[in-house]
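To convert a position in the sequence shown, counted from 1, into my numbering, add 72.
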Amino acid sequence: MEMSMEDLLRSMKAEAQEENAFYMEKYMRHQFSFLGIKTPERRALFRGFLKSYKGDPLKDAEILYAYPHRECKYMAIDLLVKYEKTLTPEDLERILSLALKEPWWDTIDALASKVLGPMAQRSSFVKEHLVELISQEDIWLKRIAILFQLSYKKDTDEALLAFMLSKGLHTGEFFVDKALGWALREYSKTNKVFVQEVLHTYDVSSLTRREASKYL
């Protein structure tokens with residue numbers, strides 16, 4: 073029998089741990105509410121849910137995102153990651169809308185690198201729209217633009233990575249500078265020389281430089 077969204081939510085609430093929730097909320101600066109479900113337990117619940125799942129992943133992700141507990145958003149992202157290949161360019165605005173609901177690095181980074189990044193590899197339309205986000209005022213949209221290539225390795229568009237760096241250089245925003253450093257650090261595992269040249273060329277923040285230089 074198919075497990076409904078209501079069944080999943082009941083199962084999640086049954087796994088709630090008040091002590092875990094306290095520390096999770098503290099780690100996230102008390103910005104969000106948690107049930108206290110740790111990652112291994114959440115993934116076990118997700119695997120059980122998938123066994124009979126036949127729903128609409130994006131629609132169900134939107135339902136999960138509407139709940140206040142952070143684990144529901146993590147579960148929504150897990151669902152989008154699992155069914156990422158079913159997502160189309162027409163879904164882009166709905167996914168970006170989800171990203172901007174109580175955004176923080178935990179949800180933004182996963183959506184950028186594990187959902188939107190693969191979509192951009194399949195669709196020039198998606199890629200072009202993600203690139204444009206670097207010019208938005210919102211720091212989380214900028215972070216998506218910077219990080220969507222994070223897992224591309226040898227398929228990384230180096231010119232685009234350098235462009236993101238040039239556009240994101242002087243925001244003075246911690247989460248933008250950190251993302252730039254992370255993107256460069258990750259790509260340094262593939263092309264160390266490119267990252268060294270970029271750091272020599274651009275006057276990056278000390279945070280970006282420190283993050284980018286970890287493996288150099």
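Where a beta carbon is used, it is the ideal one built from N, C-alpha and C, also for glycine.
Determine the closest residue to L288 out of S277, D275, V270, with distance taken between C-alpha atoms.
The shortest C-alpha separation from L288 is found at V270.
Mind checking Q103: buried by the 16 CB within 10 Å criterion, or exposed?
Counting C-beta atoms within 10 angstroms of its own C-beta, Q103 has fewer than 16 neighbours from the protein chains shown and is therefore classed as exposed.
Which of helix, strand or coil does DSSP assign to S105?
Three-state DSSP puts S105 in a strand.
Could you pull the DSSP bridge partners for D141 from this structure?
According to the sequence as given, residue 141 is His; it is not Asp. According to DSSP, which records beta bridges pairwise, H141 is partnered with S105.
Take every Cβ of the stretch 152-170, pair it with every Cβ of the stretch 181-196, and state whether three or more of those distances are shorter than 8 Å.
Flag = yes, the stretch 152-170 and the stretch 181-196 touch.
Taking Cβ to Cβ, would you say I15 is nearer than 7 Å to E245?
Because the chain is modelled from 73 through 288, residue 15 falls outside the range shown and cannot be assessed.
Is it true that the stretch 150-157 meets the stretch 214-226, where meeting means three or more beta-carbon pairs spaced less than 8 Å apart?
Inter-segment contact for the stretch 150-157 and the stretch 214-226 is absent: fewer than three beta-carbon pairs are separated by less than 8 Å.
Span of the alpha helix (DSSP H), counted from its first residue to its last, around I206:
The continuous stretches of alpha helix (DSSP H) do not include I206, and DSSP gives it neither H nor E.
For a test of the three-state rule: what should DSSP assign to H272, helix, strand or coil?
Reduced to three states, the DSSP call for H272 is helix.
Our contact map puts R126 next to E74 with C-beta atoms below 8 Å; I'd like the distance itself, whole angstroms only.
Inspection of the sequence shows that residue 126 is occupied by Lys rather than by Arg. The C-beta distance from K126 to E74 rounds to 6 Å, short enough to fall under 8 Å.
CB of L152 within 7 Å of CB of V187, strictly
With contacts defined as CB atoms closer than 7 Å, L152 and V187 qualify as a contacting pair.
Can you tell me the Cβ-Cβ gap for L164 and A148, rounded? I've got them flagged as a contact below 8 Å.
About 16 Å separates the beta carbons of L164 and A148, which is beyond the 8 Å limit, so they are not a contact pair.
Can you tell me where the alpha helix (DSSP H) holding N92 begins and where it ends?
Per DSSP, N92 belongs to the alpha helix (DSSP H) from 90-99.
Look up P175 in the DSSP assignment and say whether it is helix, strand or coil.
In the three-state DSSP reduction, P175 falls in the coil class, being neither helix nor strand.
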